[in-house]
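Under the UniProt record's numbering, the sequence shown has 43 at position 43, and the numbering climbs by one with no breaks.
From the three backbone atoms N, C-alpha and C, an ideal C-beta is built for every residue, glycine too.
Taking it in order: structure first as structure tokens, then the write-up.
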Amino acid sequence: MNKIPITVSWSGGKDSAYMLYLLLQDDRYQVVELHTALSATNDRVSMHGVSKTLMEAQAEAIGLPITFLSIPADQTNDSYEEALATYYTNLKRRNIHHVASGDIFLEDLQTYREGIFASHGITGIYPLWKKDTTTLIQDILGVGFQTILCCTKQSLFSTSICGQVLTPELIQTFPSSVDPCGENGEFHSYVFDGPIFHYPIDYIKKNITQKSYQHQLDNGDTLETLFEFADLDLASHS
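Following this line, the structure appears as structure tokens:
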């Protein structure tokens, strides 16, 4: 049976890594590449804060090519969708019509994504969809993925946990309002080792920085949210 060629929407975090792990074991699909959206201003993954260099290191350690989509500084939905349109057009020229995404339970996000897929003749595949997140994080860590928290919504946590390696013990300290997988944006991660890696990523943690984001609510009020980011880099070997 001919396998279906598929590309993976890759954030570099634990969910996309586990999704890829499942797809590589699925006889229906042939993963041909990873693709990642980067901010054109700093060549980093939006909200993860992870550099292009670290993303390339992951792809190399996994043994798959990676394509980067450059998103203009305004980072509007229109800019994002234009970059996707160009990428999907190129995929179809290569006879690739399936894209895998690591969405778990956010209905509005999947509906938005499905609308984009449909308008470009792409079929979305969701290996993690509707999985229980408590069980899912246990599975992710249980198969051997190692991941560092590269971004956290600081207001949700009593102490700073950004830059720490995610462990079952650390998860036990999370407030009950925090999803174990961070599916509501409570935290983001960078995977540096696991069963899909031929070797671990040798990274260094430089420092922790803070950044505030303002979001306008429906009633016109402005909500300011504080995030912490771990400044990660590849270790240098002299």
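C-beta atoms of residue i and residue j nearer than 8 Å
i    : j    : result
T225 : S212 : yes
I204 : D179 : no
S160 : I122 : no
F229 : C181 : no
S70  : A40  : yes
H98  : I4   : yes
Residue burial classification, residue i (beta-carbon count within 10 angstroms, cutoff 16)
i    : result
V165 : exposed
M55  : buried
T222 : exposed
K14  : buried
S176 : exposed
T36  : buried
Own chain partners of residue i with C-beta closer than 7 Å, once the 5 adjacent residues on each side are dropped
i    : result
V50  : G12, R44, C150, Y190 and L232
T53  : L234
I116 : E81 and L84
S101 : S9, R113, G124 and Y126
H188 : G13, M47, H48, C150, C151 and G182
Separation of residue j from residue i, as counted between CA atoms
i    : j    : result
E81  : S16  : 20 Å
I196 : Q58  : 10 Å
P127 : L20  : 9 Å
L23  : T173 : 31 Å
K92  : L170 : 43 Å
A61  : H198 : 5 Å
Q30  : Y88  : 17 Å
G194 : N219 : 45 Å
L156 : E186 : 7 Å
D103 : K206 : 30 Å
P200 : Q146 : 9 Å
L38  : N77  : 14 Å
D202 : I148 : 12 Å
N2   : H215 : 47 Å
P72  : S79  : 7 Å
N184 : T134 : 14 Å
I137 : D27  : 24 Å
G168 : E107 : Per the sequence shown, residue 168 should be read as Pro rather than Gly. The alpha-carbon atoms of P168 and E107 are separated by roughly 27 Å.
G142 : Q25  : 16 Å
R94  : S158 : 49 Å
A118 : D132 : 27 Å
Cβ-based neighbour list, residue i, same chain, cut-off 6 Å, excluding 5 preceding and 5 following
i           : result
residue 239 : No statement about residue 239 is possible, as the shown extent of the chain runs from 1 to 238 and does not include it.
Beta-carbon contacts of residue i that lie in its chain and below 8 Å, excluding the five residues immediately before and after
i           : result
E33         : T7, V8, L64, P65, I66 and T67
Q154        : S160, C162, Q210, L226, F227 and E228
residue 239 : It is not possible to answer for residue 239, since the shown part of the chain is limited to 1 through 238.
W129        : D103, I104, F105 and Q110
Minimum Cβ-Cβ distance from residue i to chain C less than 8 Å
i    : result
Y126 : Chain labels in this structure do not include chain C; a single protein chain is all it has.
Please list the segments of the beta strand (DSSP E) lying wholly inside the segment 60–139, counting only runs of 3 or more residues, in order along the chain. The segment 60–139 contains, as complete beta strand (DSSP E) runs of 3+ residues, the segments 66–71, 98–100 and 123–125 (chain order).
Start-end ranges of the alpha helix (DSSP H) lying completely within the segment 151–231, minimum 4 residues: 168–172
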